[in-house]
Amino acid sequence: MLIRELTETDWPSVKRIYEQGIATGSATFETEAPSWSEWDRAHLNELRLVAEDEGDVVGWAALSPASSRECYRGVAEESVYVEEQARGQGIGRGLLSALVDRADAAGIWTIQTSVFPENVASIELHRRCGFRVVGTRERIGQLRGVWRDTVLMERRVT
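Counting from 1 along the sequence shown, just add 750 to a position and that's the residue number in the numbering used here.
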């Protein structure tokens, strides 16, 4: 597996993998993938990665700013997605570990993420990569007309 920076040419694969996550109903509140330009604007340029296996993109991870306020410049929201057929092979852990390392080097002091409580694999992945549960946000949003909780997790530089 090769982990490298995500580029615009990766977007068709990244979008496909994102759409697989959306289809599960357990990965995101989003109901459709954005355009490249929308996705590109929302994510930090230097903190977006893909994992390749034999030349094929099989996963991605990226950070987006948690806020536009200057006081939160070192706080970012994290996303990590792995192709359906490639799950359980360590790709998510490789991506998230590499993203954390790059975030540390870039001066990010807090990485946060929200995970649906039913997505046990994602919660465990984040724990293995140094994240801790901060709390549960009950009925924080609706997905397809159903109120959903999220587990708020964070990794802080000490």
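Each residue gets a CB set at the ideal place from its N, CA and C atoms; glycine is no exception. For clarity, every value in this text was computed on a predicted model and none was experimentally measured.
Per DSSP, the unbroken alpha helix (DSSP H) holding Y768 starts and ends at 761-774.
Note on geometry: alpha-carbon atoms of E769 and Y831 lie some 10 Å from one another. Here L797 is not near W810, since their CB atoms are 8 Å or more apart. Using a Cβ distance threshold of 8 Å, M903 and T860 do not count as a contacting pair. Under the three-state reduction of DSSP, I861 is assigned to strand. Around the Cβ of G857, a 10 Å sphere holds fewer than 16 other Cβ atoms; the residue is exposed. Counting only unbroken stretches of 3 or more residues, the beta strand (DSSP E) elements lying wholly within the segment 777-818 are 798-803, 806-815, in sequence order.
Under the 10 Å beta carbon count, S872 is surrounded by 16 or more other beta carbons and is classified as buried.
If you look at L845, you'll find it in the alpha helix (DSSP H) that goes 841-855.
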